[in-house]
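Enquirer: Following this message is one structure expressed as C-alpha cells.
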Amino acid sequence: MASIVSMADIEATAKGLGIDLSAVNLDSITLPPGEDFGIKSDDDEDLYHEEALEQEAGFGNVIVVDNLPVIPLEKFEKLEGVIRKIYGQIGTIREGGFWMPVNPETKKTLGYCFIEYNTSQDAKSAKENTNGYKLDKSHIFAVNLFDEIEKYMKIPDEWTPAEIKPYAPGENLHKWLTDEKARDQFVIRAGPFTEVFWNDPRQMMPELVYRRQYWTESFVQWSPLGTYLATVHRQGAAIWGGASTFNRLMRFAHPQVKLIDFSPGEKYIVTYSSHEPSNPREKHWVLLNFFDLRTGKLMRDFRGNADDFVSGSSTVTGVSWPVFRWGGGREDKFFARLGKNVISVYETETFTLIDKKSLKVENVADFTWSPTDPIIACFVPELGGGNQPARVSLIQVPSKEEMRQKNLFNVSDIQMYWQNNGEYLAVKVDRHTKTKKSTTTGFELFRIKERDIPIEVLELENKNDKIVAFAWEPKGHRFAIIHGDGPRPDISFYSMRTAQNAGRVSKLATLKSKQANALYWSPAGRFVLLAGLKGFNGQLEFYNVDELETMATGEHFMATYIEWDPTGRYCATSVTSVHEMENGFHIWSFNGKLLYRIPKDQFYQFLWRPRPPSLLSPEKEEEISKNLKKYSKKYEAEDQDVSLQLSEQDRKKRKMIQEEWDQWVAQWKKLHEEEQQLRLTLRDGEASDEEEEYEAKEVECEEVIDVTEEIVDSDEDQD
C-alpha cells in the first residue's frame, strides 16, 4: 500500500503536470482492485479504530523460578515440559516466554529459569501458588517476580541496627466508654453527611459528637469492638478514632476497594476489589489484601479469577462475602475459605495454610466457625442420588480432627445457626419426601460443651410448616422460631435447659397468628422484638420471654432496618433510602416506649457503635444483678434531677412562648391605636371601635328549599 499523501501534495503534482483538477471528473476514475493509494474512505472509518491488544510494560509479568534441578542438555526438553505443565495451568505463557540459561562450559543448566506471562496478575498468582512448591525432596521452588530482583540487590551486605524512635503516647481510643452518663454512640449517613451521635434518651434527642461531609464514598463500618470507624474511598480504606474526636489513624492503599472486613479481635482488616476486563480475551479477576490494622503493613494478598472465589449462598458483587471467614474467638489465629472439595484454613502467624495443605472434604457445600472456639461445622450434601447420605461434621482446628458427625437422609437443604457463646449449634434440615413433591423441616441440636457432643432432634407439631426465621437468645439457652404458611405465622419459644429437663429441649410457649417475619433478640437476652417488615409495614411487638408476655406494641411504617444497642437498653428502627418517603430513624426503649423520632432525607445507614466484652467476671455481674436496687439509687437520683431539669426547661419554654404572644398582641394593639384616626376618616367620623355603639338584631328568614308534587290517579278518584 502506498504511503498516505495530503490533498496539497496532489494539487501541487497536478499543477506540475499541467492538469486542471477542477476539470477532472473524479467519479469516472476507477482504482485497481484492493488499492486506495493511501486515501481513506469515510465509509471505512470504523475499521481504523480497532482496539490494540494491551501489552504489559516493564518486567512485572516475568517470574524467576529458582532451585531447579541442574541437568545436562539431553534432559533439557523433559524438564522444560514439566515446568511448562506446572506454570501453564496458572496463566498463558507468552510465545518465547520461557528461558532456562545453560552454562556454556559445563553444558548444564544453572538451576533457574525465567517465565513471561501475558499479564502481571498471572505472574503474581504463579508466585503465590508455587513459591515453596516441592518438585521432589531435593528441589523446592523459590519463586520471585523479576521486578523484585532490583529490591533485593539494594540490600546492604552489612547489617545496621534500626533507628529507635522515642515513644510517643497515643490517644485513648476507648475514652468514649468512660462516658459519665453511660451512653452509647451511633453513626448515621444521610445525604452527603456522616454523623456520630450520643444516644441521649433522657434529653429525648441525640447529641452530636462529630459531623463531616463526604467522609466516605460508599459506606462506613465499625470495627467489631467499636475501637475504629472505617471509611471507604477510591484509593483504599481508612480507619478513624480518638479520645474526643475522630482522627485518621491509618490508611490502607487498595484502589477501587468495594468491601472490607475486620478480624474479630481487630488485629487485621481485609479489603476486596473486583476488576472486570476491558478486553473479552482477559479474565475477570479479584484482589483481597490482608493488612495489619495498627501498622498498616500488607501481610498477604490473594488474587485470581473471580470464578475461584464464588462459593456458598450469600453473594455480594458476584462473590461469597466474606470470602475468608475468621475463626472463633478474639485471638485472630485462623481464617478459612471454601474451595472445590476443600476448606483452606490459614494461620495468621505466617499467613500460610496449616500444614501447607488444605482440608480435603469431598463435595463440601458450606462451612461456619464457632463464635468462640476454633471449631468448624461443615455440610456435605447427598451423593450418588442419595446412596451416600448428607452429613454435618464438627472439625477441630488446627489438628483437623473430626469431633462429631451426623448423617442426614433425604436432605434438600440445610442452614447452620451458632449460639453466640458457642454452646449450641442448630442445624435446620429441609427434607424432601420420596416423591420429592413436598418438603418437611426439622432441627438437629448439638450441645457443643457437653461430653461426646449429644444431638437432639426437634420437629414442629406441623412438619410441613415453613420456617420463616430462627434466632438464638444471646448469652442464654433459649431460641425462637417463626413458622407457618399463612400471612400471620406462629412464633414458638424453646429452651435447651429447664428445671424439669436439664438435658432436653422443651417448648415454652407458642404465640398464634402474629404479624411478624423477623426476630431481634436483645444482646442481654430476655427480651425479643417481633418485627413485621416488608409486607407487614413495620409492625413491632416487644416481648418478655421470662414472663411470656407482651410489653408493648408499636409501628414504624415502612421500616427497613432494626438493631439493638450493644447494652440491650435501646432499639433503633429506621427507613432507608430504598423508600422515597418517611426516611429517618426511631429510638425505642427495651420495653417498647418510643423515645424520639429523627427524620432524615436520603437516609442510608444507621449503626450502633459496638462495645468490647465486659471486664467484670460472671460472678461480679451476678452480684450486681442481685443488688441492683442498691446500685440503682444513684441513677434514680440522676434521673430525677434530669426530670426536674426537663420540667424547668418546659416551664421556661412555655414562659417564653407566652411572652412572645403578649409582645405580638401589644404590637397589634399599638398599630390599632395608631390607625384609629384613619378609620374615623374612612367612616365619615363614625366611631366603630366600641361594641356598645352597635345594636344586635335577630332576623328570621324563611326559604323554600324544595317542592314535591303528588300526582293522583283519576280512576281512583272516581272509585
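Each residue of the sequence shown is one higher than the one before, starting from 5 at the first, in the working numbering.
Don't be surprised by glycine CBs; every beta carbon is placed ideally from N, CA and C.
Can you tell me whether DSSP reads residue 225 as helix, strand or coil?
Expert: If DSSP states are grouped into helix, strand and coil, residue 225 belongs with the strands.
Enquirer: Go ahead and label residue 654 buried or exposed: buried means 16 or more other beta carbons lie within 10 angstroms of its beta carbon, across all protein chains shown.
Expert: Burial call: exposed.
Enquirer: On the CB-based measure, 16 or more other CB atoms within 10 Å of its CB, does residue 260 come out buried or exposed?
Expert: Classification of residue 260: exposed, given that the 10 Å Cβ count is below 16.
Enquirer: In this structure, does DSSP put residue 104 in helix, strand or coil?
Expert: Three-state result, residue 104: coil.
Enquirer: With a Cβ-Cβ cutoff of 8 Å, do residue 391 and residue 368 count as a contact?
Expert: Not closer than 8 Å, so no.
Enquirer: Looking at the unbroken beta strand (DSSP E) that takes in residue 547, where does it start and where does it end?
Expert: Looking at the DSSP string, the run of the beta strand (DSSP E) that includes residue 547 is 543-548.
Enquirer: Assign residue 578 to one of three DSSP states: helix, strand, or coil.
Expert: DSSP places residue 578 in strand when its eight states are reduced to three.
Enquirer: Does the distance from the C-beta atom of residue 300 to that of residue 256 stay below 8 Å?
Expert: Yes, Cβ-Cβ distance for residue 300 and residue 256 is below 8 Å.
Enquirer: So residue 596 is in the alpha helix (DSSP H); what residue range does that whole segment cover?
Expert: Looking at the DSSP string, residue 596 is not in any alpha helix (DSSP H), and its letter there is neither H nor E.
Enquirer: Cα separation between residue 204 and residue 589?
Expert: Straight-line Cα distance between these residues: approximately 14 Å.
Enquirer: Does the separation of the CB atoms of residue 478 and residue 529 fall below 8 Å?
Expert: Contact: yes.
Enquirer: Taking three-plus beta-carbon pairs below 8 Å as touching, is the segment 558-570 in contact with the segment 151-167?
Expert: Verdict: no, contact absent.
Enquirer: Identify, in the order they occur along the chain, each residue of the same chain with its Cβ nearer than 7 Å to the Cβ of residue 212, setting aside the five sequence neighbours on each side.
Expert: So the list reads 199 and 201, once near-sequence residues are dropped.
Enquirer: Would you list the residues sitting across from residue 296 in a DSSP beta bridge?
Expert: In the DSSP output, where bridge partners are listed per residue, residue 296 has 272.
Enquirer: Note down, in chain order, each residue of its chain lying with its Cβ closer than 6 Å to the Cβ of residue 230, except the 5 sequence neighbours on either side.
Expert: Excluding sequence neighbours, residue 230 sits near 613, 614 and 615.
Enquirer: Report the residue from 539, 460, 524 and 513 whose alpha carbon sits nearest the alpha carbon of residue 490.
Expert: The shortest C-alpha separation from residue 490 is found at 539.
Enquirer: Return yes when the Cβ of residue 305 is within less than 8 Å of the Cβ of residue 747, no when it is not.
Expert: Within the shown structure, residues of the chain are numbered from 5 to 723, placing residue 747 beyond reach of any answer.
Enquirer: Compare the beta carbon distance of residue 303 and residue 355 with 8 Å and say whether it is the shorter of the two.
Expert: Cβ atoms of residue 303 and residue 355: closer than 8 Å.
Enquirer: Under the DSSP definition of a beta bridge, which residues are partnered with residue 382?
Expert: Paired residues: 371 and 397.
Enquirer: What three-state label does DSSP hand residue 44 in the structure shown?
Expert: Model confidence at residue 44 stands at a pLDDT of 44, short of 50, so the residue's coordinates are unreliable; what they give is reported in the following sentence. In this structure, residue 44 counts as coil in the three-state DSSP scheme.
Enquirer: Rounding to the nearest angstrom, what Cα-Cα distance links residue 447 and residue 432 in this structure?
Expert: Residue 447 and residue 432: Cα-Cα distance of roughly 5 Å.
Enquirer: Give the DSSP bridge partners of residue 411, in chain order.
Expert: Answer is 395, bridged to residue 411.
Enquirer: With 16 other CB atoms within 10 Å as the buried threshold, where does residue 518 fall?
Expert: Residue 518 is buried by the Cβ-count criterion.
Enquirer: List the endpoints of the continuous beta strand (DSSP E) containing residue 255.
Expert: Where residue 255 is concerned, the enclosing beta strand (DSSP E) stretches over 251-257.
Enquirer: In whole angstroms, what separates the C-alpha of residue 457 from that of residue 408?
Expert: Cα to Cα, the separation comes out at about 7 Å.
Enquirer: Using DSSP with H/G/I as helix, E/B as strand and the rest coil, what is residue 539?
Expert: Three-state DSSP puts residue 539 in a helix.
Enquirer: For a test of the three-state rule: what should DSSP assign to residue 704, helix, strand or coil?
Expert: In this structure, residue 704 counts as coil in the three-state DSSP scheme.
Enquirer: Measure the alpha-carbon distance for residue 271 versus residue 336 and round it to whole angstroms.
Expert: Approximately 7 Å, taken between the alpha carbons.
Enquirer: Would you list the residues sitting across from residue 342 in a DSSP beta bridge?
Expert: In the DSSP output, where bridge partners are listed per residue, residue 342 has 347.
Enquirer: Can you name the residues that DSSP bridges to residue 609?
Expert: According to DSSP, which records beta bridges pairwise, residue 609 is partnered with 193.
Enquirer: Run through DSSP, which three-state label would residue 622 get?
Expert: Looking at residue 622 - three-state DSSP - the assignment turns out to be helix.
Enquirer: What residues match up with residue 199 in a beta bridge as DSSP calls it?
Expert: Residue 199 pairs with 192 and 215.
Enquirer: Quick one: what's residue 553 bridged to in DSSP?
Expert: For residue 553, which the question treats as bridged, DSSP gives the partners 548.
Enquirer: Here's the rule: buried if 16 or more other CB atoms are within 10 angstroms of the residue's CB, otherwise exposed. What is residue 382?
Expert: Answer is buried; the Cβ neighbour count reaches 16.
Enquirer: Determine the burial state of residue 621: buried for a count of at least 16 other Cβ atoms within 10 Å of its Cβ, exposed for fewer.
Expert: The residue is exposed, with fewer than 16 neighbouring Cβ atoms inside 10 Å.
Enquirer: Quick one: does residue 396 have its CB under 8 Å from some CB of chain D?
Expert: In the displayed structure, chain D is absent; only one protein chain is listed.
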